[in-house]
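All residue numbers for the sequence shown refer to my numbering, where the first residue is 4 and numbers rise by one.
Ideal placement from N, C-alpha and C gives every residue a C-beta, glycine not left out.
Following: one structure in structure tokens, then a few remarks.
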Amino acid sequence: MAMKEILALRQQLHKNAELSGCETKTKEILKEFLIKHTNLEIIDRGNWFYAKKEGHGGHKIAFRADFDAVAAKDGGAKHICGHDGHSSILAGSAMALSKEELKDTVYFIFQHGEENGTGGKECSQLILEEGIEEVYGLHNIPGFPKNSILVRDNTFACASVGMTIHFEGKLSHAAYPEAGRNPGAATGAVLTMAEQVLSEKGYTGMILCTPICVELGEPAFGVSASDSRIMFTIRAHYEKDLNRLKDRLEAYSREQALKYGLLVSFSYQEGFPDTVNFDSCVERVRLAAKIAGLSIVEVEEPFRWSEDFGYYLKETKGAFFGIGDGETYPQLHTENYEFPDDILDTGINMFSSILKVQK
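In structure tokens form, the structure reads like this:
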């Protein structure tokens, strides 16, 4: 296979980075590449698309890659999570497999909106529509030997959600705070409780509650605050623990609202399910890595970050795995990061090798 074309595609995608929900040019670049280099059937689904390679009486299997970018400091978009590389790997896999006679019918899912969790929820419905029996995805991961394959049974990446707690009280002159209802004490109590809850018993795995933003009142010394907003990112190894943590924070916030005569409301953004692998499919990834001659790293703990590939794994069997970027490679979502082109071939070989594993 001509890696020159794959490298050029990755660099083109990198230069045309687009945020979640805005990936129009990105999608067209990928579609045009497949039209030029493959004979696959391409089905456009609006924000995303997939390509299909018919097999001869085998199973239905899907490979998925994301193609959105991350918000940059200058207000634009930048590929500092490597989705330009992920989608280039999938395009390269489609290019290679389109020339082969396959037993299995293969779906190549090019997904939008991973960074905010919306894309996986939408695209995973294809699993049900087409009766897809297995699905596989990957992510590049710094901190591990380059081109190693990272695998883990059960939970690979955490469930998470952004939680906002809004207290509303009553405005008053700062000289007469008793005439109003200031949410300061309630806000402080919730922040303290959010740290203490991490040591509570009864959770199956790790839980984490990270304060992101706290706002109280306005910068006016003559006015006692009347409203506040607390933003947390909460995450857990297991979705059931995440839901329990949400309920615990809501219940405590309501107690504080009642104590101080406040109104309280809650909102949630950017929710991700836990990414829970199927053991049999992880074993298929291990065998594929052996076929490709690649080293395998058994990951001891779930990764704390979240990945909306978990939506696919709620609909069918499958596995998510990692490819090492290098032990000293810059971390994801940092300004110095760019997808390492020398792992592109590894990703392409892994998808091809998964098909070679006999079920």
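Host beta strand (DSSP E) of residue i (start-end)
i	result
N143	E137 to I144
L266	L266 to F275
I45	E44 to D47
Y53	F52 to K56
K76	Unbroken run through K76: none, as it is neither H nor E.
L335	Element bounds for L335: n/a, residue is neither H nor E.
D69	K63 to D69
F323	K320 to G327
L153	I152 to V154
Classification of residue i by the beta-carbon crowding that lies within 10 angstroms, buried from 16 upward
i	result
H142	buried
G321	buried
I83	buried
S3	Because the chain in this structure spans residues 4 to 362, residue 3 falls outside the shown range and cannot be described.
Q199	exposed
P343	buried
A228	buried
N50	buried
D69	buried
M6	exposed
F224	exposed
Q128	exposed
K30	buried
A20	buried
D230	buried
E35	exposed
E104	exposed
E117	buried
Contact set for residue i: own chain, Cβ-Cβ below 8 angstroms, skip 5 residues either direction
i	result
S96	F66, F111, G350, I351, F354 and S355
T158	G208, H240, Y241, D277, T278, V279, N280 and P305
L265	F170, E171, G172, R184, P186, A189 and Q259
I130	A65, V138, Y315, E318 and T319
A216	The identity of residue 216 in the sequence shown is Cys, whereas the question assumes Ala. Same-chain partners within the cutoff: R232, I233 and M234.
Enclosing alpha helix (DSSP H) for residue i [first to last residue]
i	result
V285	D282 to I294
S256	E242 to Y263
K30	T27 to H40
G350	L347 to K359
G313	G313 to L316
E307	According to the sequence displayed, residue 307 carries Arg and not Glu. Taken as a continuous stretch (DSSP letters only), R307 belongs to no alpha helix (DSSP H), as it is neither H nor E.
A11	M6 to K18
7 angstroms CB neighbourhood of residue i in its chain, flanking five on each side removed
i	result
I210	L201, A239, D244 and L248
A75	K81
Y255	V193 and M196
P333	P145, N339 and Y340
Q15	I32
K28	N19 and E21
A295	N352, M353 and S356
Contact test: residue i Cβ vs the ligand FMN heavy atom, cutoff 7 angstroms
i	result
S90	By its list of ligands, the structure shown contains no ligand whatsoever, and the ligand FMN lies outside what it can speak to.
Rounded distance between the beta-carbons of residue j and residue i, thought under 8 angstroms
i	j	result
V154	F324	5 angstroms
K149	G24	So it is not a contact: roughly 33 angstroms between Cβ atoms.
G327	S151	4 angstroms
Y53	I46	6 angstroms
F269	M166	7 angstroms
L347	I92	6 angstroms
H115	D71	6 angstroms
D107	G140	Not confirmed; about 17 angstroms, so no contact.
L252	A197	7 angstroms
E310	V164	That pair is no contact at about 14 angstroms.
C212	R307	Not confirmed; about 12 angstroms, so no contact.
H62	E136	5 angstroms
L37	S90	The pair is not a contact, with the Cβ atoms about 11 angstroms apart (cut-off 8 angstroms).
V226	A177	6 angstroms
G120	F275	5 angstroms
A99	L12	At roughly 13 angstroms, the Cβ-Cβ gap does not stay under 8 angstroms, so A99 and L12 are not in contact.
G300	F147	A quick correction: the sequence has Val, not Gly, at residue 300. At roughly 6 angstroms, the Cβ-Cβ gap stays under 8 angstroms, so V300 and F147 are in contact.
Beta-carbon contacts of residue i that lie in its chain and below 6 angstroms, excluding the five residues immediately before and after
i	result
K55	E44 and Y110
L290	V360
A182	S175
L335	C84
S298	S151
- Query: Which runs of the alpha helix (DSSP H), 4 residues or longer, sit entirely within the region 157-238?
  - Reply: If only uninterrupted alpha helix (DSSP H) runs of at least 4 residues are considered, those enclosed by the region 157-238 are 187-199.
- Query: Counting only runs that start and end within the region 79-140, where is the beta strand (DSSP E) found for 3 or more residues in a row?
  - Reply: Listed in chain order, they are 108-114.
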